[in-house]
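The sequence shown begins at 32 in my numbering and counts up by one. Beta carbons: idealized from backbone N, C-alpha and C, even for Gly. A quick write-up on the structure given underneath.
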Amino acid sequence: MPDLPALTTELYRLLEPHEPDVRDRAIRAVMVMLGAVPQVAVSPSPELPDDDHDGPPLAPKVKSWMRANGITREQISRVFHIEGGAPEVLPPEAPGKNGKEKTINAYVLAGIAAFLQTAETRFDDRTARDVCRAMGCFNEGNHAYYLKGKGNVLGGTKDSGWMLTGPGLKLGAELIKKLAGEE
């Protein structure tokens with residue numbers, strides 16, 4: 032049986048750098064090459080107002096993610112301070128039912144902060160640990176254990192750095208909505 036999570040993560044890594052229309056065309060082409068009828072349905076995302084005037088400009092990749100997940104600039108500004116330098120996570124407490132959930136959610140928010148700044152989903156462990164400390168969920172004794180249960184939202188390691196996966200970007204959007212009081 033194929034390792035579906037590994038296959039999905041690899042496909043994500045190949046497609047993630049490209050614009051949505053390129054991704055859609057590539058998926059359709061591969062399906063045709065495999066002899067299958069492409070079942071990819073792309074419905075247009077509702078356009079959100081371009082309110083970059085409320086802060087620094089956001090990369091097209093970030094705006095695309097925002098549109099796809101129904102995230103507004105206002106919601107982002109309730110969760111991150113992005114004026115000058117690296118975005119800072121604002122909420123004083125990480126969302127989650129327990130230390131493990133809070134730690135993983137803090138790492139996802141650290142990844143979203145990096146994404147907002149660079150349009151890349153990569154971030155280093157030190158930055159994520161600082162977010163955990165700021166959000167009150169850094170537990171020295173259990174931190175590494177908590178990260179072992181990261182599921183499919185994060186890829187990478189402490190030493191090589193972390194990367195948000197597709198599910199991680201989706202979770203990040205959900206966390207923003209929750210922390211902004213929209214969910």
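Is residue i helix, strand or coil by DSSP?
i: H49; result: coil
i: P75; result: Residue placement at P75 is flagged as unreliable, the pLDDT there being 39, under the threshold of 50; the coordinate-derived value follows with that caveat. Three-state DSSP puts P75 in coil, outside helix and strand.
i: E124; result: coil
i: E119; result: strand
How far does the beta strand (DSSP E) with residue i in it reach, from first residue to last?
i: M166; result: That residue, M166, is in no beta strand (DSSP E); it is neither H nor E in DSSP.
i: G101; result: Counting along the chain, G101 falls outside any beta strand (DSSP E), and DSSP gives it neither H nor E.
i: P188; result: Looking at the sequence itself, residue 188 is Thr, so the reference to Pro does not match. From DSSP, the beta strand (DSSP E) with T188 extends over L185 to T188.
i: G197; result: No beta strand (DSSP E) contains G197, which is instead part of the alpha helix (DSSP H) from G197 to L210.
Between the options, which lies nearest to residue i when the distance is taken from Cα to Cα?
i: A145; options: I107, A99 and R56; result: I107
i: L89; options: N100, I113 and R54; result: I113
i: L206; options: V120, D190, E47 and L46; result: V120
i: K181; options: E171, G172 and W193; result: W193
i: P126; options: N170, D34, K209 and T40; result: K209
Between which two residues does the alpha helix (DSSP H) containing residue i stretch?
i: E132; result: G130 to T149
i: K179; result: H174 to K179
Spatial neighbours of residue i within its chain, please: CB distance less than 7 Å, with the 5 preceding and 5 following residues excluded, ordered by chain position.
i: Q148; result: A117 and P118
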